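> Per our numbering, the sequence shown starts with residue 11, numbered consecutively.
Don't be surprised by glycine CBs; every beta carbon is placed ideally from N, CA and C.
Because the structure is a prediction, the values reported are computed rather than measured.
Just passing along the structure, written as structure tokens.
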Amino acid sequence: MGEAALCGGGDWLEVVEGNLPFIVSLPHTGTTVPDEFAAGFANTKLTTRDADWHLHQVFRPILPAGTTVVRTDISRSIIDVNRPPDGQSLYPGQATTGLCPTTDFDGTPLYRSGSEPAPDEIERRRRLFHEPYARALGEQIERLRARHGRVAVLDCHSIRPRIPRLFDGTLPGLNIGTDDGRSCSPRMQAKLEAVAEQSPFTWVSNGRFKGGWITRHFGNPKAGIDSVQIEIAMNAYLLVRDENDYGAPEYEADGARLLQQTLSPFIEALLQP
Numbered sequence: 011m012g013e014a015a016l017c018g019g020g021d022w023l024e025v026v027e028g029n030l031p032f033i034v035s036l037p038h039t040g041t042t043v044p045d046e047f048a049a050g051f052a053n054t055k056l057t058t059r060d061a062d063w064h065l066h067q068v069f070r071p072i073l074p075a076g077t078t079v080v081r082t083d084i085s086r087s088i089i090d091v092n093r094p095p096d097g098q099s100l101y102p103g104q105a106t107t108g109l110c111p112t113t114d115f116d117g118t119p120l121y122r123s124g125s126e127p128a129p130d131e132i133e134r135r136r137r138l139f140h141e142p143y144a145r146a147l148g149e150q151i152e153r154l155r156a157r158h159g160r161v162a163v164l165d166c167h168s169i170r171p172r173i174p175r176l177f178d179g180t181l182p183g184l185n186i187g188t189d190d191g192r193s194c195s196p197r198m199q200a201k202l203e204a205v206a207e208q209s210p211f212t213w214v215s216n217g218r219f220k221g222g223w224i225t226r227h228f229g230n231p232k233a234g235i236d237s238v239q240i241e242i243a244m245n246a247y248l249l250v251r252d253e254n255d256y257g258a259p260e261y262e263a264d265g266a267r268l269l270q271q272t273l274s275p276f277i278e279a280l281l282q283p
């Protein structure tokens with residue numbers, strides 16, 4: 011990422027500026043739980059169980075020079091920067107986790123009884139972390155759109171392939187989310203689906219995961235902003251033996267190569283208008 015420069019807004023927020031019309035957002039790869047937040051949790055191991063483990067390591071080797079990256083190192087258990095700042099559910103009527111989650115994906119409580127964040131604490135975390143992340147991403151979008159007239163945002167996620175509380179059975183390997191076609195152009199969605207169809211992975215568009223707050227909030231194809239979420243089942247790149255291995259899995263580059271071979275043309279498609 012040769013021409014890029016680090017200009018983050020804090021040691022938890024990484025902003026790498028490039029000049030291609032392409033931004034990668036990594037809102038859930040963080041595993042840091044600052045001491046001031048740790049005391050209320052029932053089990054600190056649970057605070058990172060739902061992290062998008064090692065996904066930044068999957069993407070970094072295949073990103074073209076000039077890619078802009080926005081990433082937080084803060085655990086999503088502190089605050090989820092991919093949720094609406096007002097706490098509204100993105101999937102009404104379905105199980106999910108909130109702005110400041112009180113359970114993990116399985117429904118296990120994260121906090122000791124009575125230690126859940128109160129409204130004023132949620133607002134404090136929103137100001138500390140959610141607002142700066144959204145501002146940084148928005149500024150990069152506007153910078154690159156001003157330069158190129160268009161920009162593509164890829165919001166990158168991964169998740170355990172089997173979570174009965176959230177979905178039935180096993181999740182497809184690649185889950186493309188475009189808010190049912192509202193966050194990117196039909197042409198862009200068709201190109202990405204064509205890449206997925208040629209890949210060795212199962213895939214779906216706008217299935218269980220249609221795009222989080224980032225994809226829905228920033229996507230505006232009529233204004234030249236194509237925003238797409240990719241949710242990757244972790245067994246597409248992590249070598250795990252059983253469900254317990256997802257708690258803090260090790261990263262092995264060999265396990266990610268097949269996925270990277272699919273993601274490279276996915277990125278190429280996003281770069282083209």
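1. Please return the same chain residues whose Cβ sits closer than 8 Å to the Cβ of L36, not counting the five positions on each side in sequence.
2. According to DSSP, simplified to helix, strand and coil, what is G108?
3. Does D190 come out as helix, strand or coil in the three-state DSSP assignment?
4. From P259 to E241, what distance separates their C-alpha atoms?
5. Starting from W223, trace the alpha helix (DSSP H) both ways and give me its first and last residue.
6. To which residues does DSSP link V250 through a beta bridge?
7. Let me make sure I understand the geometry here. Which of L280, H158, N92, I88 has the alpha-carbon closest to that of E126?
8. With 16 other CB atoms within 10 Å as the buried threshold, where does L209 fall?
9. Comparing alpha-carbon positions, which option in G97, Q150, L181, M244 lies nearest L30?
10. Under 8 Å, with one C-beta from each stretch per pair, do the segment 34 to 49 and the segment 172 to 179 reach the 3-pair mark?
11. Starting from Q239, follow the beta strand (DSSP E) in both directions and report where the run begins and ends.
12. Can the beta-carbon of I72 be found less than 7 Å from the beta-carbon of L273?
13. According to DSSP, simplified to helix, strand and coil, what is D45?
14. Please report how far the alpha carbon of E141 lies from the alpha carbon of L164, in whole angstroms.
15. Are the beta-carbon atoms belonging to T57 and S85 less than 7 Å from one another?
16. When burial is assigned at 16 or more other CB atoms within 10 Å of the CB, is E27 buried or exposed?
17. Sort out for me which residues DSSP pairs W213 with in a bridge.
18. Let's test the definition: count the other Cβ atoms within 10 Å of the Cβ of R137 and tell me whether it reaches 16, buried, or not, exposed.
19. Does DSSP put H167 in a helix, in a strand, or in coil?
20. Compute the distance between the beta-carbons of S3 and I186, then report whether it is under 7 Å.
21. Any idea if L281 is buried or exposed, counting beta-carbon neighbours within 10 angstroms, 16 or more meaning buried?
22. Is A243 closer than 7 Å to G183 when the C-beta atoms are compared?
23. Skipping 5 residues on each side, what residues in its chain have a beta carbon closer than 8 Å to that of G108?
24. Rounded to the nearest angstrom, what separates F211 and D130 at their Cα positions?
25. Could you tell me which residues DSSP puts in a beta bridge with A162?
26. Starting from V26, trace the beta strand (DSSP E) in both directions and tell me its first and last residue.
27. Check each candidate in F228, L23, R134, H38 and name the one with the smallest Cα separation from T188.
Walking through what the data contain:
1. Its chain contains D62, L65, H66, F69, V79, V80, R81, T82, C166 as the residues whose beta carbon lies nearer than 8 Å to that of L36, once the 5 sequence neighbours on both sides are disregarded; these appear in chain order.
2. Coil at G108, not helix or strand.
3. Correct three-state label for D190: coil.
4. Spanning the two alpha carbons is a distance of roughly 18 Å.
5. For W223, the enclosing alpha helix (DSSP H) has its first and last residue at 223 to 228.
6. The partner list for V250 (beta bridge, DSSP) is empty, contrary to what the question assumes.
7. Closest by alpha carbon: I88.
8. Residue identity check: residue 209 is Ser in the sequence provided, not Leu. So S209 counts as buried.
9. For the residues G97, Q150, L181, M244, the minimum Cα distance to L30 belongs to Q150.
10. Counting C-beta pairs with one atom in each stretch, the segment 34 to 49 and the segment 172 to 179 have fewer than three that are closer than 8 Å, which means they do not touch.
11. Going by DSSP, Q239 is part of the beta strand (DSSP E) stretching over 235 to 243.
12. Yes, they are a contact pair.
13. It is helical.
14. C-alpha separation (whole angstroms): 19 Å.
15. Yes. Within cutoff.
16. Counting C-beta atoms within 10 angstroms of its own C-beta, E27 has 16 or more neighbours from the protein chains shown and is therefore classed as buried.
17. Bridge partners of W213: L184.
18. R137 is exposed by the Cβ-count criterion.
19. Strand at H167.
20. The structure shown does not extend to residue 3, since the chain is modelled only from 11 to 283, so the question has no answer here.
21. Classification for L281: exposed.
22. Yes.
23. The residues are D90, R93, G97, S99.
24. Rounded to the nearest whole angstrom, the C-alpha separation of F211 and D130 is 44 Å.
25. Answer by DSSP bridge pairing, in chain order: F32, D236.
26. Taken as a continuous stretch (DSSP letters only), the beta strand (DSSP E) holding V26 covers 23 to 27.
27. Looking at the Cα atoms, F228 is the closest of the given residues.
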